[in-house]
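Numbering follows numbering that gives the first Met the number 0, with no gaps: position 167 of the sequence shown is 166. Heads up, the beta-carbon is just placed ideally off N, CA and C, and yes, glycines get one too. Structure record follows, encoded as structure tokens.
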Amino acid sequence: MEKQKIKLIVTIDTEADNQWHEGDLSLNNIKHLPRFQALCEKYGMKPTYLLSHEVAASNLVDDLKDWQDKNLAEIGAHLHPWTTPPYEENHDYKIHSYPHELDDNQLLIKLKNLTDIISQKFNKLPVSFRAGRWGFDERVAKHLKSLGYKVDCSVTPKINWQKTIGDPQKNGGPDFRFHSVYPHTFEGITEIPMTILFTGIFKKENTRLAKLFLSLPESFIKKVLNKLFFRQRWLRIFDSSSAKDWKLIYKSAVKNNLPVMEFMIHSSELMVGGSPYSKTEQQLENIYTQLEEMFKYFKSKNTKNCFLKDLIR
């Protein structure tokens with residue numbers, strides 16, 4: 000018997016087209032959001048759109064503001080340092096720095112500029128945040144708190160990003176391997192971690208065995224152990240995703256008494272050619288098939304659909 004009704008958060012990193020590709024900025028994917036919003040409304044989902052600066056500053060936000068004003072969506076912030084002013088003299092869009100790699104002055108002024116443009120366009124101060132490329136640490140959290148943010152969703156438990164380079168002169172991304180999967184308070188703001196759970200034979204969080212597995216270096220042996228025993232899964236859509244994934248993730252969430260599940264997708268995945276995951280019409284339709292199956296399944300489990308801001312402690 001389930002001990003609680005699990006809350007479900009739907010988050011969208013709302014950003015320029017294909018930010019995996021090093022090139023000029025375009026925002027065509029924003030015009031395709033109404034289809035996604037309609038699907039959310041069909042199943043009673045409450046999407047939180049986390050906007051990067053280039054989106055907030057564009058003339059394409061009318062739909063987003065309308066959904067916010069009707070309480071059909073929440074608007075939060077998503078910091079991409081490479082698309083957020085001020086820019087350095089030799090600014091290069093090809094260098095996708097992590098937010099936590101910025102010095103204090105750069106970080107604060109970019110966060111403030113992002114916050115200001117969202118407040119200006121939406122007549123409301125954003126309180127929810129996700130760092131671009133998951134580049135989050137204590138310093139980012141402290142600056143967020145100083146600007147009025149209440150909730151963050153940048154932590155990816157079980158994942159080590161240190162070998163994924165941002166600024167070539169720095170040390171790569173954060174190491175979240177041992178961060179909690181449960182909501183908690185971090186430097187004065189509420190942290191809602193990305194849902195990444197073990198769904199295999201060993202489902203329980205925070206066991207000695209789980210910690211030992213997570214401490215292993217990335218290797219063939221670790222991949223084999225994951226496939227045989229742990230089956231680590233994100234609440235995201237990939238080419239290999241199926242209805243089985245949502246069921247296993249939900250089962251693990253119940254097993255671990257997880258009060259919140261958080262799904263994420265990039266806005267650019269919702270357009271053909273907008274991302275590596277939606278290069279073709281067939282891939283895009285597969286994403287929408289998976290979205291509908293997932294929303295339908297979670298609705299059948301009576302999850303409580305919430306905005307990120309609803310989880311402020």
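Could you give the distance in angstroms between the alpha-carbon of residue i and the alpha-carbon of residue j?
i, j, result
"Y42", "Q168", "46 angstroms"
"T206", "N255", "11 angstroms"
"L113", "K202", "39 angstroms"
"Q282", "L234", "18 angstroms"
"M0", "C305", "Confidence at M0 is low in this model, with a pLDDT of 41, below 50, so its placement is unreliable and the value that follows should be read with caution. Distance between the alpha carbons of M0 and C305 is about 23 angstroms."
"L247", "S153", "23 angstroms"
"L257", "L7", "11 angstroms"
"V150", "E190", "6 angstroms"
"E100", "P85", "15 angstroms"
"L107", "S241", "41 angstroms"
"K64", "H31", "15 angstroms"
"P80", "D23", "15 angstroms"
"K141", "W133", "16 angstroms"
"H183", "Y296", "27 angstroms"
"H265", "E14", "7 angstroms"
"L310", "P33", "25 angstroms"
"Q3", "F212", "29 angstroms"
"T194", "F175", "13 angstroms"
"N70", "N225", "41 angstroms"
"E268", "K278", "9 angstroms"
"K308", "G147", "12 angstroms"
"K123", "Y48", "14 angstroms"
"S299", "E87", "50 angstroms"
"Q18", "M260", "25 angstroms"
"L196", "V223", "17 angstroms"
"N28", "E280", "14 angstroms"
"L290", "V60", "23 angstroms"
"S218", "R230", "15 angstroms"
"I200", "S239", "20 angstroms"
"R312", "Q105", "29 angstroms"
"D68", "K243", "36 angstroms"
"L50", "G272", "20 angstroms"
State the beta-bridge partners of residue i as determined by DSSP.
i, result
"R129", "H77"
"W233", "I195"
"F185", "I188"
"E261", "I8"
"C305", "I8"
"Y48", "I11, I74"
"D314", "In the structure displayed, the chain extends from 0 to 312; residue 314 sits before or after that span and is not available."
"N225", "Paired residues: none, contrary to the question."
"D174", "N159"
Could you name the residues of the same chain whose beta carbon sits closer than 6 angstroms to that of residue i, not counting the 5 residues immediately before and after it, in chain order?
i, result
"A55", "I116, I117, K120"
"F262", "V9, L234"
"V314", "Outside the shown range of the chain, which is 0 to 312, sits residue 314, and nothing can be said about it."
"K144", "G187, I188"
"W245", "M293, Y296"
"I164", "G171"
Residue i: which of the options sits nearest, CA to CA?
i, options, result
"T82", "L63, S299, Q67, L110", "L110"
"H52", "R34, H31, N70, D12", "D12"
"F185", "R138, Y48, K295, L213", "R138"
"L227", "G165, S277, T198", "T198"
"M270", "L26, I5, H20", "L26"
"Y97", "P156, K162, L224", "K162"
"N285", "L59, F237, D23, K157", "F237"
"L38", "K300, L310, T288", "T288"
"G172", "D309, E280, P182, N159", "N159"
"I5", "Y276, G273, Y249, F175", "Y249"
"D16", "T302, Y276, K298", "Y276"
"H20", "K300, S274, R312", "S274"
"D136", "L124, K123, D103, K243", "D103"
"T302", "L59, A252, F35, D68", "A252"
"E40", "W66, S239, Q231", "W66"
Identify, in the order they occur along the chain, each residue of the same chain with its Cβ nearer than 7 angstroms to the Cβ of residue i, setting aside the five sequence neighbours on each side.
i, result
"M44", "V9, F294, N304"
"N170", "Q161"
Which residues in the same chain have their Cβ closer than 8 angstroms to the Cβ of residue i, if we skip the five residues on either side of it in sequence?
i, result
"D166", "I94, S96, Y97, E100"
"K210", "F177"
"K221", "F212, L215"
"Q36", "P46, D62, W66, L71, A72"
"S57", "L26, I29"
"Q208", "Sequence inspection shows Leu at residue 208; the Gln mentioned does not correspond to that position. F201."
- Do three or more CB pairs link the region 127 to 138 to the region 65 to 77 at distances below 8 angstroms? yes
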